[in-house]
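S.K.: I'd like to ask you about the structure that follows.
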Amino acid sequence: MVTLTLRVDRTANDVRLVFHHGDVDVGDLGPALAAVAAGTYVQVDCEYVAGLGLRAQKILAVTAYSQPSPRTSIRALVEKREYERALAALAAVGEDEVRGDATLLIARASARIGAGDLEGSTTDLRLLLAAPGVTSLDVRDVFEQFSRRFAESATVPLANDLLTWLEVRKPVRATAYLSGLPAKLWPLDLLLTGLEEAVAALEPDKEKVREFLDAARSSAPQDARVLSLWSLAASKGLTAGRGTEPPNG
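Numbers 1362 to 1610, taken from the numbering used here, label the letters of the sequence shown in order.
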């Protein structure tokens, strides 16, 4: 159950409960709303009904105040992992308002990730990269949720988009953020640079070299640069195998 402040609207033969730009199902509250003037706001307990969305259950109060932002209630639903309810509330808000509000867009991306909606959350992450007022921390948090929820094959293209976005806005932060990502999510050119630097270090970190090398072999197993660096790392005793052998051979 979620409590929302809804606007009462009327047509010639009907009464509506409006949540920003979308409707909430009136349910059995039609008679109770008959005496409420159009334009008045009411606080209503609503429940999520599968296949329908939000349905009004009980009027808690009638108020003349304006409708508050849905941000707080929707974010609370996401934080409580009530993803379907959050998505129903976001649908009631309306697509234009969600796209125009970074907080709501972040909430929807998080809810879609939590609900396992790969296509929808991918779309929302890319919308975030084009939205005004979005910070690198906002995007990072949503991307990390995405990378934990979905497979590497879905995450790598978004990682590339994210790093391009960061490099345009804050190159220093892009480099710092890259160091916090698993090597398997790095773009190949940067991955090879990292591998080369790790192998050439005065005191090489074997675990780091192997992480970079495994990621590079997985990404481009026949790339001559990968084979060359693999051979160099093996010659220094940093990894097993020879760079001229087939990967995983």
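Idealized CB from N, CA, C, for every residue including glycine.
None of these values were measured; they are calculated from a predicted model.
#1: Grouping DSSP H, G and I as helix and E and B as strand, with all else coil, what is D1660?
#2: Is the region 1440-1457 close to the region 1485-1494, with three or more CB pairs under 8 Å?
#3: With contact counted as at least three CB pairs below 8 Å, one residue from each stretch, are the region 1378-1398 and the region 1453-1464 in contact?
#4: Is the CB-CB distance between L1490 and D1522 below 8 Å?
#5: Any heavy atom of the ligand ZN closer than 7 Å to the Cβ of A1581?
#6: Checking 8 Å against the spacing of the C-beta atoms, do K1597 and P1565 come in under that value?
#7: Measure the beta-carbon distance from V1397 to V1423 and round it to whole angstroms, keeping in mind my assumption that it falls under 8 Å.
#8: Taking buried to mean at least 16 other C-beta atoms within 10 Å of its own C-beta, is P1493 buried or exposed?
#9: So who's on the other strand from G1383, going by DSSP bridges?
#10: My assumption, with CB atoms under 8 Å, is that Y1444 sits in contact with A1472. Please give the rounded CB distance.
#11: For A1468, which residues of its own chain have a beta-carbon under 6 Å away from its beta-carbon, when the five flanking residues on both sides are left out?
#12: Please classify G1604: is it buried, with 16 or more other beta-carbons within 10 angstroms of its beta-carbon, or exposed?
#13: Going by the DSSP bridge assignment, what does V1369 pair with across the sheet?
#14: Can you name, in chain order, every residue of its own chain whose Cβ lies under 6 Å from the Cβ of N1374, other than the five neighbours on each side?
#15: Report the rounded CA-to-CA distance for E1513 versus L1546, giving the unit in angstroms.
#16: Would a C-beta distance cut-off of 8 Å place T1600 and V1570 closer than the cut-off?
#17: Between C1407 and A1417, which are expected to be in contact by the criterion C-beta below 8 Å, what is the C-beta distance as a whole number of angstroms?
#18: Please state whether DSSP places E1564 in a helix, a strand or coil.
M.R.: The relevant details are as follows:
#1: Lying before the first or after the last residue shown, residue 1660 is absent from the chain, which here runs from 1362 to 1610.
#2: no
#3: yes
#4: yes
#5: You won't find the ligand ZN in this model; it holds no ligand whatsoever.
#6: yes
#7: 6 Å
#8: exposed
#9: F1380
#10: 4 Å
#11: I1435, R1436, V1439
#12: Any reading at G1604 must be qualified, since the residue scores a pLDDT of 41, below 50, and its modelled position is unreliable; the value itself is stated next. Under this definition G1604 is a buried residue.
#13: L1378
#14: none
#15: 8 Å
#16: yes
#17: 5 Å
#18: coil
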